[in-house]
Structure formats: C-alpha cells, structure tokens
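**Q** In terms of my numbering, the sequence shown is residues 1177 to 1330.
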Amino acid sequence: MRLIQEFKEFAMRGNVIDLAIGVVIGGAFGAIVKSLVDDVIMPPIGLILGNVDFSNFFFVLKEGSKQAGPYVSVAAAKSAGAITLNIGLFINALVSFGIVAFAIFMLVKSINRLKKEEVPAAAEPAPVKDCPYCFSSIPSKASRCPHCTSQLGA
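(1) Quick one: complete alpha helix (DSSP H) runs, 4+ long, within the stretch 1245-1314?
(2) Is the Cβ-Cβ distance between T1260 and A1269 less than 7 Å?
(3) Answer with buried or exposed for S1313, where buried requires no fewer than 16 other C-beta atoms within 10 angstroms of its C-beta.
(4) Compare the Cα-Cα distances from F1311 to each of S1326, K1317, E1300 and report the closest residue.
(5) Cβ of G1240 within 7 Å of Cβ of A1251?
(6) Report all residues from its chain with a CB closer than 8 Å to the CB of N1232; omit the five preceding and five following residues, and keep chain order.
(7) Specify the secondary structure class of R1320 as computed by DSSP and reduced to three states.
(8) Can you tell me which residues form a DSSP beta bridge with F1235?
(9) What residue does the alpha helix (DSSP H) around Q1181 start on, and which one ends it?
(10) Based on Cα-Cα distance, which residue from F1205, F1183, Q1181, I1180 lies nearest to I1280?
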C-alpha cells in the first residue's frame, strides 16, 4: 500500500504532469510541422527544382527480390523488397527538425526574457578617509570617529 501511495505522490508532482503535457503537445506540434514541410514547403521547392517530389527522391541500392525496378515510389520499392537510400525523406526530416528547433529556440528565448529580472546595481561603497588620530578607516562624511570618538574637522 505504501508503494502505491509513493507512486501517487510522484505522479501528481507538478513537474511530472508538466512533462506529460509537454510530450503530448510536442507530439501534436511535430505532426503539424511534418504536414507543413511535406504539404506546404517542399512541393514549391520541388517545383522550382524541376518537378522533384522529395518524398519519392531515392536511390536503389539493391533490386528487390519480388520485383525488379524501376520503382515509381519508395513504397513500391519497399514492397518489392528493394533496399533504398531515401534522400528525399531525409531532407524532409532535416527541414522539419530545423523548423521545430527554431520554434523551440524562440519559445525558450521568450520564456527567458519573461523570467529575466532586473538585477539592482550594486551599491558603490561609501568613500572612506582615515581618522587623523587613530588612523582607522571611517566614512568620509563622518564628523566624529566611531573608534576613538575624536571630533573631526570639516
């Protein structure tokens, strides 16, 4: 019973719940970014580069055992048992990573800006002078020495 209670306390801590929420939101954000890259960003880039479909940009390393090439898509090559080098999918993943990394950078930068507190300037030490009678360091505006109680001139 104690083990269950400890687990409940662990699971209900704020950090664990915040982490779980972050993972769920991160997964949803990853899906949105993947769609952005695959459906919005890469088609115009492929069009500019001469009708290249990056999701099907691949090289056949070994012909398939079920069917010989050429293969129209990565899926067709995989179903034929071919071994492929999927350059286009890798490029899509790189672009997705860049977008996610930039979004996280901007989020962390914004949070750090909100957390940044004004650090008060360190107070400068009061100027000091030496007492002419006991030679102790005392504030320069003092009219009497706190050490020897001598009256100081103006």
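From the three backbone atoms N, C-alpha and C, an ideal C-beta is built for every residue, glycine too.
As the structure is a prediction and not an experimental result, all values here were calculated from the model.
**A** Result, derived from the coordinates:
(1) 1250-1255, 1263-1291
(2) Walking along the sequence shown from the start, residue 1260 turns up at place 84. Walking along the sequence shown from the start, residue 1269 turns up at place 93. Contact: no.
(3) Numbered from its first residue, the sequence shown carries residue 1313 at position 137. S1313 should be labelled exposed.
(4) Position 135 of the sequence shown holds residue 1311. Among S1326, K1317, E1300, the Cα nearest to that of F1311 is on S1326.
(5) Along the sequence shown, read from residue 1 onward, the residue named residue 1240 stands at position 64. Along the sequence shown, read from residue 1 onward, the residue named residue 1251 stands at position 75. Not closer than 7 Å, so no.
(6) By 1-based counting over the sequence shown, the position of residue 1232 is 56. Cβ within range, chain order: V1248, S1249, V1250, G1264.
(7) Start at 1 with the first residue of the sequence shown, and residue 1320 comes out as number 144. It is a strand residue.
(8) Mapped onto the sequence shown, residue 1235 falls at position 59. F1235 is bridged to L1261.
(9) Residue mapping note: residue 1181 aligns to position 5 of the sequence shown, counting from 1. Segment 1178-1187, the alpha helix (DSSP H) holding Q1181.
(10) Position 104 of the sequence shown, counting from 1, holds the residue named residue 1280. For I1280, the nearest C-alpha among the options comes from F1205.
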